[in-house]
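Trainee: Protein sequence lines correspond, in order, to chains P and B.
Residues 2 to 452, numbered by our numbering, are exactly what the first sequence covers, in order.
Residues 2 to 452, numbered by our numbering, are exactly what the second sequence covers, in order.
Protein chains: 2
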Amino acid sequence: MPNDKMQGENAFELLKLRKTTNKLLEQDFENEAIVAGYIDNIREVGKGLCFMDLYDQYGKIQLTLKDSISENMKDISKLTRYSFMMAVGKLVKGKAKEGMEIEVKKFYLLTEKASDQIPIGLDGQNTGLEKRLDYRWLDLRDPDHRLPLELLSLFVMSGSEYFYKNDYTEIFTPKLVGYPTEGGSEIFILPYFNREAYLAQSPQFYKQMAICSGFEKVFEVGPVFRANPSFTTRHDTEYTSFDMEIAYIRSHHDVMDEEERMLNYIFKKVDAECANKPKEYRNTRVEAPGKIPKIKMEEAYELVSKGNVSGDGDLTPDGEREVAKYIKETYENDFVFVYDYPLTTRPFYHMFGEPMKNGTETTKSFDLLYRGVEITTGAQREHNQDRLASNIEKKGLKKEHLTYYIELFRYGAPPHGGLGLSPTRVVKQMLNMQNVREATFAPRDPKRLFP
Amino acid sequence: MPNDKMQGENAFELLKLRKTTNKLLEQDFENEAIVAGYIDNIREVGKGLCFMDLYDQYGKIQLTLKDSISENMKDISKLTRYSFMMAVGKLVKGKAKEGMEIEVKKFYLLTEKASDQIPIGLDGQNTGLEKRLDYRWLDLRDPDHRLPLELLSLFVMSGSEYFYKNDYTEIFTPKLVGYPTEGGSEIFILPYFNREAYLAQSPQFYKQMAICSGFEKVFEVGPVFRANPSFTTRHDTEYTSFDMEIAYIRSHHDVMDEEERMLNYIFKKVDAECANKPKEYRNTRVEAPGKIPKIKMEEAYELVSKGNVSGDGDLTPDGEREVAKYIKETYENDFVFVYDYPLTTRPFYHMFGEPMKNGTETTKSFDLLYRGVEITTGAQREHNQDRLASNIEKKGLKKEHLTYYIELFRYGAPPHGGLGLSPTRVVKQMLNMQNVREATFAPRDPKRLFP
Numbered sequence: 002m003p004n005d006k007m008q009g010e011n012a013f014e015l016l017k018l019r020k021t022t023n024k025l026l027e028q029d030f031e032n033e034a035i036v037a038g039y040i041d042n043i044r045e046v047g048k049g050l051c052f053m054d055l056y057d058q059y060g061k062i063q064l065t066l067k068d069s070i071s072e073n074m075k076d077i078s079k080l081t082r083y084s085f086m087m088a089v090g091k092l093v094k095g096k097a098k099e100g101m102e103i104e105v106k107k108f109y110l111l112t113e114k115a116s117d118q119i120p121i122g123l124d125g126q127n128t129g130l131e132k133r134l135d136y137r138w139l140d141l142r143d144p145d146h147r148l149p150l151e152l153l154s155l156f157v158m159s160g161s162e163y164f165y166k167n168d169y170t171e172i173f174t175p176k177l178v179g180y181p182t183e184g185g186s187e188i189f190i191l192p193y194f195n196r197e198a199y200l201a202q203s204p205q206f207y208k209q210m211a212i213c214s215g216f217e218k219v220f221e222v223g224p225v226f227r228a229n230p231s232f233t234t235r236h237d238t239e240y241t242s243f244d245m246e247i248a249y250i251r252s253h254h255d256v257m258d259e260e261e262r263m264l265n266y267i268f269k270k271v272d273a274e275c276a277n278k279p280k281e282y283r284n285t286r287v288e289a290p291g292k293i294p295k296i297k298m299e300e301a302y303e304l305v306s307k308g309n310v311s312g313d314g315d316l317t318p319d320g321e322r323e324v325a326k327y328i329k330e331t332y333e334n335d336f337v338f339v340y341d342y343p344l345t346t347r348p349f350y351h352m353f354g355e356p357m358k359n360g361t362e363t364t365k366s367f368d369l370l371y372r373g374v375e376i377t378t379g380a381q382r383e384h385n386q387d388r389l390a391s392n393i394e395k396k397g398l399k400k401e402h403l404t405y406y407i408e409l410f411r412y413g414a415p416p417h418g419g420l421g422l423s424p425t426r427v428v429k430q431m432l433n434m435q436n437v438r439e440a441t442f443a444p445r446d447p448k449r450l451f452p
Numbered sequence: 002m003p004n005d006k007m008q009g010e011n012a013f014e015l016l017k018l019r020k021t022t023n024k025l026l027e028q029d030f031e032n033e034a035i036v037a038g039y040i041d042n043i044r045e046v047g048k049g050l051c052f053m054d055l056y057d058q059y060g061k062i063q064l065t066l067k068d069s070i071s072e073n074m075k076d077i078s079k080l081t082r083y084s085f086m087m088a089v090g091k092l093v094k095g096k097a098k099e100g101m102e103i104e105v106k107k108f109y110l111l112t113e114k115a116s117d118q119i120p121i122g123l124d125g126q127n128t129g130l131e132k133r134l135d136y137r138w139l140d141l142r143d144p145d146h147r148l149p150l151e152l153l154s155l156f157v158m159s160g161s162e163y164f165y166k167n168d169y170t171e172i173f174t175p176k177l178v179g180y181p182t183e184g185g186s187e188i189f190i191l192p193y194f195n196r197e198a199y200l201a202q203s204p205q206f207y208k209q210m211a212i213c214s215g216f217e218k219v220f221e222v223g224p225v226f227r228a229n230p231s232f233t234t235r236h237d238t239e240y241t242s243f244d245m246e247i248a249y250i251r252s253h254h255d256v257m258d259e260e261e262r263m264l265n266y267i268f269k270k271v272d273a274e275c276a277n278k279p280k281e282y283r284n285t286r287v288e289a290p291g292k293i294p295k296i297k298m299e300e301a302y303e304l305v306s307k308g309n310v311s312g313d314g315d316l317t318p319d320g321e322r323e324v325a326k327y328i329k330e331t332y333e334n335d336f337v338f339v340y341d342y343p344l345t346t347r348p349f350y351h352m353f354g355e356p357m358k359n360g361t362e363t364t365k366s367f368d369l370l371y372r373g374v375e376i377t378t379g380a381q382r383e384h385n386q387d388r389l390a391s392n393i394e395k396k397g398l399k400k401e402h403l404t405y406y407i408e409l410f411r412y413g414a415p416p417h418g419g420l421g422l423s424p425t426r427v428v429k430q431m432l433n434m435q436n437v438r439e440a441t442f443a444p445r446d447p448k449r450l451f452p
């Protein structure tokens with residue numbers, strides 16, 4: 002509630018007339034405007050004259066406070082950095098520079114007695130990421146820091162729109178599970194009444210269960226959990242996964258084609274929204290992938306340096322960058338599908354494929370790289386119970402641990418495949434950021450559970 | 002891959018030409034059609050003549066197999082209940098009844114050696130819910146059982162569309178948290194590296210953190226966890242919560258008004274989609290709420306029987322049904338907002354309101370009832386750190402456990418409020434179902450972690 006000392010009885014009611022900064026138009030010059038937000042860059046330029054920037058989520062506007070106009074100029078000392086306030090005044094053409102400003106007639110503090118000792122980003126000081134994350138709710142008052150999260154939201158909502166238009170069903174799969182879904186390592190375990198439960202490392206099993214249930218195209222955007230004790234720029238112990246699965250495919254190429262359509266839809270949408278947004282967004286151009294080049298893993302091997310193929314036949318992160326660099330130079334595309342990964346690098350439920358020329362066994366699988374970073378892993382899944390059982394054996398896994406998985410396919414299943422995509426990695430790459438945590442609202446690592 | 006014995010080399014490629022049953026049109030009569038799905042109601046009506054229904058997610062169609070037409074009639078014994086298969090044949094006008102059918106020229110089993118011993122729903126046997134849930138992926142092959150999950154998906158995707166059009170940001174908040182967010186009871190605890198973590202009981206803290214971060218309208222659809230040892234028709238240990246939070250509100254009435262707009266948008270959308278869908282959907286009419294009646298809690302007390310107000314001043318489930326019955330009779334509306342709940346029934350972060358006539362302290366809070374069941378709890382939140390601290394004290398909670406919560410408001414916050422809605426309860430009420438688990442893909446209770 003606005004500070005009693007600064008307002009009449011119904012000042013709060015004025016919020017009904019509030020306009021967000023992106024809705025203030027030149028045609029409203031000289032009219033009354035009511036805005037609300039938090040303030041920054043307070044400049045007292047002389048006795049009885051003060052400028053400041055008011056921010057809302059959608060932009061900012063300069064406020065001019067003058068003792069000849071502002072009725073409660075005496076309360077100005079209460080307006081400190083990051084105060085939330087409401088201002089009533091006249092919208093005018095900006096004097097000092099292009100744009101507009103408000104000559105404030107009256108202002109209202111929306112939170113009284115807030116601390117003005119902002120612990121981060123003071124005086125242009127470049128606060129380190131860890132401290133920024135400690136005070137994430139202040140860190141995000143910087144619109145540049147909020148941008149990745151806004152793009153993440155746009156990405157997911159545009160994806161939902163694509164799925165909606167293409168007859169997908171959104172599913173909500175359990176995160177408390179009775180079996181370790183991805184094989185057991187790096188999994189969180191918790192007491193669950195008289196037994197133990199696990200936190201799902203992926204919705205893989207449940208997406209396939211949906212397909213076995215008669216759903217044909219499903220997607221889910223939700224949390225996944227990995228008890229990963231390491232710290233890297235690409236991993237968290239909890240992150241958002243964007244997963245889809247489709248039935249009646251011919252091979253993993255149908256999944257890649259669907260991802261290409263989906264990403265083109267989403268990227269175009271995100272780009273259009275960015276272009277529409279004022280100020281901060283303007284510098285962001287999000288180029289849609291168009292036709293995404295594809296390269297077989299055994300061809301990728303020929304492009305990368307010796308040390309950039311790991312022991313199991315996967316590409317190292319440096320190897321992925323080498324492939325991406327080649328593709329960028331050759332096809333001018335930031336994206337590339339690498340497909341037909343060796344058996345040794347893929348989980349048991351990926352369908353086996355044709356061997357490489359040198360006889361190496363492969364899977365009907367793929368990764369999608371975006372500016373040199375893997376953003377998607379996908380595959381056609383093995384849907385025959387006998388072959389699934391033999392794959393498990395061949396990979397040296399214990400069949401008795403995976404009986405529940407095979408059970409799903411006992412009563413038939415259509416051919417199907419799908420993918421998991423990391424939307425935070427996409428945003429990281431979109432904005433050329435160093436760390437996926439910049440695109441994560443409240444990141445989690447072995448040491449961080451707050452905020 | 003189709004059974005080798007039943008197909009030529011490239012039979013699998015035919016899936017490219019597959020049409021879903023909802024895309025088969027009268028104008029295609031006498032043309033070749035390729036369909037795929039699972040089969041049921043196999044009727045061998047004589048030697049060399051067999052009918053069956055082929056289901057895909059979008060409907061069903063009758064297949065007619067005749068030895069004069071079907072090339073691989075000898076393989077018919079492999080087609081058992083719930084086999085996934087692909088059929089190539091001629092689309093013709095249905096003979097026995099209205100509609101259409103396919104005279105099958107050739108068919109392909111899509112999963113060889115699947116078991117034909119379907120453990121549930123055999124011979125019209127009405128399998129109980131628990132056994133149905135044990136084999137959920139078979140249970141859902143019944144389109145009637147899939148319907149609630151399809152409506153759930155429609156509800157959430159239409160909600161996402163509403164939010165997209167109204168400048169909301171979708172947020173992804175952590176489920177692994179360092180503090181028990183809702184006060185500590187019925188919370189799952191797990192070992193987290195060298196300490197303990199909790200599973201979030203609601204995204205409440207994080208929605209408010211987003212508001213403090215400068216976001217103005219946020220939403221999230223995600224899992225929440227309650228270590229609730231009881232079994233009821235309305236509770237699970239894990240369920241999907243649909244949450245939103247908005248800033249710069251005048252009171253909880255602004256939140257109710259926003260929910261009214263949102264639900265009208267969503268219900269109209271769901272209804273339109275249902276009307277468009279073939280077959281199973283046709284019987285579903287989803288009436289939009291229109292202008293939702295509102296009633297103060299102290300007025301609700303006067304409508305309900307003595308025993309239907311609990312000790313703390315809340316309505317019992319029977320009390321909620323009494324209020325709903327009165328509203329339905331008086332206003333012909335399935336929805337009603339009950340607002341201004343007593344302090345004793347609400348958490349510390351609900352803003353205190355005006356006392357009732359008899360002096361009972363209240364909160365700026367509300368519930369939304371749909372056909373007599375609570376589907377939403379909402380409120381304006383207290384955003385002043387000092388009043389929040391005094392509320393905590395007044396409610397007899399330990400301030401030192403909630404320091405982290407107060408910390409969020411130390412640096413200011415705009416007035417804000419929001420709500421949590423249970424989309425599975427909405428679907429349960431939409432379809433007049435007995436149990437919320439019918440609208441849950443893979444329900445969780447103290448005894449159930451699989452599938």
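Note that CB positions come from ideal geometry on N, CA and C, so glycine has one too.
Got a sec: is the Cβ-Cβ distance from arginine 133(B) to anything in chain P below 8 angstroms?
Mentor: For this step, residue 133(B) is matched to residue 132 along the second sequence. Not one chain P Cβ lies under 8 angstroms of arginine 133(B).
Trainee: For the candidate residues Ser186(B), Glu187(B) and Arg196(B), whose alpha-carbon lies nearest to that of phenylalanine 189(P)?
Mentor: Taking the first residue of the first sequence as 1, we reach residue 189(P) at position 188. Of Ser186(B), Glu187(B) and Arg196(B), the residue nearest in Cα terms is Arg196(B).
Trainee: Closer than 8 angstroms, CB to CB, is methionine 2(B) near chain P or not?
Mentor: The sequence position of residue 2(B) within the second sequence is 1, counting from 1. Residue confidence is low: methionine 2(B) scores 43 on pLDDT, short of 50, so the model does not pin down where it sits. Its coordinate-derived value is still stated next. Interface residue, yes.
Trainee: With 8 angstroms as the threshold, decide whether the Cβ of alanine 289(P) is near any Cβ in chain B.
Mentor: Sequence index remark: in the first sequence, residue 289(P) carries index 288 (1-based). So no, alanine 289(P) is outside the interface.
Trainee: Does glutamine 8(P) get closer than 8 angstroms to chain B when you measure Cβ to Cβ?
Mentor: Taking the first sequence and counting its residues from 1, the one referred to as residue 8(P) is at position 7. Because the pLDDT at glutamine 8(P) is just 47, under 50, the model does not fix this residue reliably, and the point stays unresolved.
Trainee: Asparagine 385(P) CB to nearest chain B CB: under 8 angstroms?
Mentor: As a working note, residue 385(P) is residue 384 in the first sequence. Judged by the 8 angstroms Cβ criterion, asparagine 385(P) is in contact with chain B.
Trainee: In terms of residues, what are the limits of the beta strand (DSSP E) holding valine 219(P)?
Mentor: Taking the first residue of the first sequence as position 1, residue 219(P) is located at position 218. Its beta strand (DSSP E) spans residues 218–226.
Trainee: Please identify the residue among Arg82(B), Arg262(B) and Thr21(B) whose C-alpha is closest to the C-alpha of aspartate 168(P).
Mentor: On the first sequence, position 167 is the one that residue 168(P) refers to. Minimum Cα distance to aspartate 168(P) is reached at Thr21(B).
Trainee: Quick one, which of Tyr109(P), Ala301(P), Glu151(P) and Leu16(P) has its alpha-carbon nearest leucine 370(P)'s?
Mentor: Start at 1 with the first residue of the first sequence, and residue 370(P) comes out as number 369. The shortest C-alpha separation from leucine 370(P) is found at Ala301(P).
Trainee: At a CB-CB cut-off below 7 angstroms, which residues of chain B make contact with proline 452(P)?
Mentor: Counted from its first residue, the first sequence places residue 452(P) at position 451. Per Cβ cutoff of 7 angstroms: Met210.
Trainee: Could you check whether glycine 90(P) and glutamate 104(P) sit closer than 8 angstroms to each other, using their CB atoms as the reference points?
Mentor: The residue you call residue 104(P) lines up with position 103 of the first sequence. The residue you call residue 90(P) lines up with position 89 of the first sequence. In this structure, glycine 90(P) lies closer than 8 angstroms to glutamate 104(P) by Cβ.
Trainee: Could you list the residues in the region 350–363 of chain B with a C-beta less than 8 angstroms from some C-beta on chain P, going in chain order?
Mentor: Per Cβ criterion, the list is empty.
Trainee: Does isoleucine 119(B) come within less than 8 angstroms of chain P when only Cβ atoms are used?
Mentor: As a working mapping, residue 119(B) is identified with position 118 in the second sequence. Taking Cβ atoms only, chain P reaches closer than 8 angstroms to isoleucine 119(B), which makes this a yes.
Trainee: When burial is assigned at 16 or more other CB atoms within 10 Å of the CB, is glycine 421(B) buried or exposed?
Mentor: What you label residue 421(B) is simply residue 420 of the second sequence in a count that begins at 1. By the neighbour-count rule (16 or more Cβ atoms within 10 Å), glycine 421(B) is buried.
Trainee: Please classify threonine 364(B) as buried or exposed, where buried requires at least 16 neighbouring CB atoms within 10 angstroms.
Mentor: Here residue 364(B) refers to the residue found at position 363 of the second sequence. That one is buried.
Trainee: Contact criterion: CB-CB distance below 8 angstroms. Does glutamine 58(P) meet it with respect to chain B?
Mentor: Taking the first residue of the first sequence as 1, we reach residue 58(P) at position 57. Yes - at least one Cβ of chain B is within 8 angstroms of the one on glutamine 58(P).
Trainee: Since glycine 223(B) meets chain D, which of its residues come closer than 8 angstroms, beta carbon to beta carbon?
Mentor: Included in the structure are the protein chains P and B, with no chain D among them.
Trainee: At what residues does the alpha helix (DSSP H) containing threonine 404(P) begin and finish?
Mentor: Stepping through the first sequence from its first residue, residue 404(P) is reached at position 403. It spans 404–408 - the alpha helix (DSSP H) in which threonine 404(P) sits, taken as one unbroken run.
Trainee: Counting only C-beta atoms, is lysine 400(B) closer than 8 angstroms to chain P at any point?
Mentor: The sequence position of residue 400(B) within the second sequence is 399, counting from 1. So no, lysine 400(B) is outside the interface.
Trainee: DSSP state of glutamine 366(P), grouped into three classes?
Mentor: Counting from 1 along the first sequence, the entry for residue 366(P) is found at position 365. Going by the sequence as given, residue 366(P) is serine instead of glutamine. Three-state result, serine 366(P): strand.
Trainee: In chain B, which residues lie with their C-beta within 8 angstroms of the C-beta of arginine 1(P)?
Mentor: No information on residue 1(P) is available, as it lies outside the stretch 2 to 452 that chain P covers here.
Trainee: How about aspartate 29(P) and aspartate 41(P): do their beta carbons lie closer than 8 angstroms?
Mentor: Looking up residue 29(P) in the first sequence gives position 28. Looking up residue 41(P) in the first sequence gives position 40. Their beta carbons are not under 8 angstroms apart, which means aspartate 29(P) does not touch aspartate 41(P) by this criterion.
Trainee: By the criterion of Cβ-Cβ separation under 7 angstroms, what are the contact partners of leucine 139(B) in chain P?
Mentor: Counting from 1 along the second sequence, the entry for residue 139(B) is found at position 138. Going along chain P in sequence order, the residues near leucine 139(B) (Cβ under 7 angstroms) are Tyr412.
Trainee: Please go through the region 59–128 of chain P and give each complete beta strand (DSSP E) segment of 3 or more residues, from N-terminal end onward.
Mentor: Listed in chain order, they are 60–67, 85–94 and 101–110.
Trainee: So threonine 404(P) contacts chain B; which residues on that side make the cut at Cβ distance below 8 angstroms?
Mentor: The sequence position of residue 404(P) within the first sequence is 403, counting from 1. Ordered by position in chain B, no residue passes the 8 angstroms Cβ test against threonine 404(P), which lies about 11 angstroms from the chain.
Trainee: Around the C-beta of valine 46(P), are 16 or more other C-beta atoms found within 10 angstroms, so that it is buried, or is it exposed?
Mentor: In the first sequence, counting from the first residue as 1, residue 46(P) sits at position 45. Classification of valine 46(P): exposed, given that the 10 Å Cβ count is below 16.
Trainee: How long is the line joining the alpha carbons of arginine 445(B) and leucine 177(P), rounded to whole angstroms?
Mentor: Position 444 of the second sequence, counted from the first residue, corresponds to residue 445(B). Position 176 of the first sequence, counted from the first residue, corresponds to residue 177(P). Taking the straight line joining both Cα atoms gives about 8 angstroms.
Trainee: Which residue's Cα is closest to the Cα of phenylalanine 367(P): Gly373(P), Thr361(P) and Thr378(P)?
Mentor: Numbered from 1 along the first sequence, position 366 holds the residue referred to as residue 367(P). It is Thr378(P) whose Cα lies nearest to the Cα of phenylalanine 367(P).
Trainee: Measure the CB-CB distance between glutamine 430(B) and arginine 372(B) and report whether it falls below 8 angstroms.
Mentor: In the second sequence, residue 430(B) corresponds to position 429, counting from 1. In the second sequence, residue 372(B) corresponds to position 371, counting from 1. Yes. Within cutoff.
Trainee: Leaving out the 5 sequence neighbours to the left and right, which residues in its chain are closer than 6 angstroms to phenylalanine 85(B) when beta-carbon positions are compared?
Mentor: As a first step, residue 85(B) is located in the second sequence; it is residue number 84 there, counting from the start. Once the five neighbours on either side are set aside, the close Cβ partners of phenylalanine 85(B) are Tyr39, Leu111 and Thr112.
Trainee: Taking any Cβ of chain B, which residues in the region 166–192 of chain P have a Cβ under 9 angstroms from it, in chain order?
Mentor: Answer in chain order: Asp168, Tyr169, Thr170, Glu171, Ile172, Phe173, Thr174, Pro175, Lys176, Leu177, Val178, Gly179, Tyr180, Phe189, Ile190, Leu191 and Pro192.
Trainee: Do histidine 402(P) and arginine 382(P) come within 8 angstroms of each other at the CB atom, strictly closer than that value?
Mentor: One-based indexing of the first sequence puts residue 382(P) at position 381. One-based indexing of the first sequence puts residue 402(P) at position 401. Against a cut-off of 8 angstroms, the Cβ pair of histidine 402(P) and arginine 382(P) comes out as no contact.
Trainee: Taking alanine 37(B) as the query, report the chain P residues whose CB atoms sit under 8 angstroms from its CB, ordered along the chain.
Mentor: One-based indexing of the second sequence puts residue 37(B) at position 36. Going along chain P in sequence order, the residues near alanine 37(B) (Cβ under 8 angstroms) are Tyr249 and Pro415.
Trainee: Output yes if chain B places a C-beta closer than 8 angstroms to the C-beta of leucine 389(P); else output no.
Mentor: Counting from 1 along the first sequence, the entry for residue 389(P) is found at position 388. Taking Cβ atoms only, chain B never reaches closer than 8 angstroms to leucine 389(P), which makes this a no.
Trainee: For glutamate 439(P), collect the residues of the same chain with a Cβ closer than 6 angstroms to its Cβ; drop the 5 residues on either side in sequence, then sort them by chain order.
Mentor: The residue you call residue 439(P) lines up with position 438 of the first sequence. Excluding sequence neighbours, glutamate 439(P) sits near Pro149.
Trainee: Can you determine whether any heavy atom of the ligand SAM sits closer than 7 angstroms to the C-beta of leucine 200(P), and answer yes or no?
Mentor: The ligand SAM is absent from the structure shown, which contains no ligand whatsoever.
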